[in-house]
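Working notes, beginning with the structure itself.
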Amino acid sequence: GKRVGTFGNAGCFSFQASKNLPIGEGGGILTDDTEYFDRLYSYHNFGYASGSVSGQISSISALILANKIRMAEYQAVIGLCQLEKLEEQHKIRNENGAYLN
Numbered sequence: 128g129k130r131v132g133t134f135g136n137a138g139c140f141s142f143q144a145s146k147n148l149p150i151g152e153g154g155g156i157l158t159d160d161t162e163y164f165d166r167l168y169s170y171h172n173f174g175y176a177s178g179s180v181s182g183q184i185s186s187i188s189a190l191i192l193a194n195k196i197r198m199a200e201y202q203a204v205i206g207l208c209q210l211e212k213l214e215e216q217h218k219i220r221n222e223n224g225a226y227l228n
């Protein structure tokens, strides 16, 4: 089967403290569509698309009202540590669910 977040054009995840991958707050988006990526990237980068800082102005650069919404570095470090444990935690959750079923 397909993994969560791989259906459709984009997958969204919450990293709130009670979720499967707790980082504190925030979230993440997965996509393999470059047009979606540029638009999504621009929402957290003052409205500028991913290539606009390096001089490769995208058709959507600074055309949307956006903010600087980024995860803090310490949250990213916590997230990387949590990712290392994710498969084992998933296995334990499945075992607990099977036991309760």
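Under our numbering, the letters of the sequence shown match residues 128 to 228, in that order.
Ideal Cβ placement from N, Cα and C applies to all residues, glycine included.
Buried/exposed call for residue i, threshold 16 Cβ in 10 Å
i, result
"Ile-150", "buried"
"Ser-145", "exposed"
"Ala-203", "exposed"
"Tyr-175", "buried"
Between the CA atoms of residue j and residue i - distance to the nearest angstrom
i, j, result
"Asn-228", "His-171", "42 Å"
"Ile-156", "Gly-138", "6 Å"
"Ser-177", "Lys-218", "36 Å"
"Gly-132", "Asp-159", "11 Å"
Candidates the options: closest to residue i by CA position
i, options, result
"Tyr-163", "Phe-142, Ser-141, Asn-136, Arg-130", "Asn-136"
"Glu-105", "Ile-191, Ile-205, Ser-177, Asp-160", "For the chain, the structure presents residues 128 to 228; residue 105 sits outside this window and is missing."
"Ile-191", "Glu-211, Thr-158, Tyr-168", "Tyr-168"
Whole-angstrom C-beta distance between residue j and residue i, which should lie under 8 Å
i, j, result
"Gly-154", "Phe-173", "Wrong, their Cβ atoms sit about 19 Å apart, outside the cutoff."
"Leu-207", "Leu-148", "Wrong, their Cβ atoms sit about 11 Å apart, outside the cutoff."
Stretch-stretch touch, CB-based, cutoff 8 Å, three pairs: the region 196-203 with the region 219-226
With the rule of 3 Cβ pairs closer than 8 Å, the region 196-203 does not count as touching the region 219-226.
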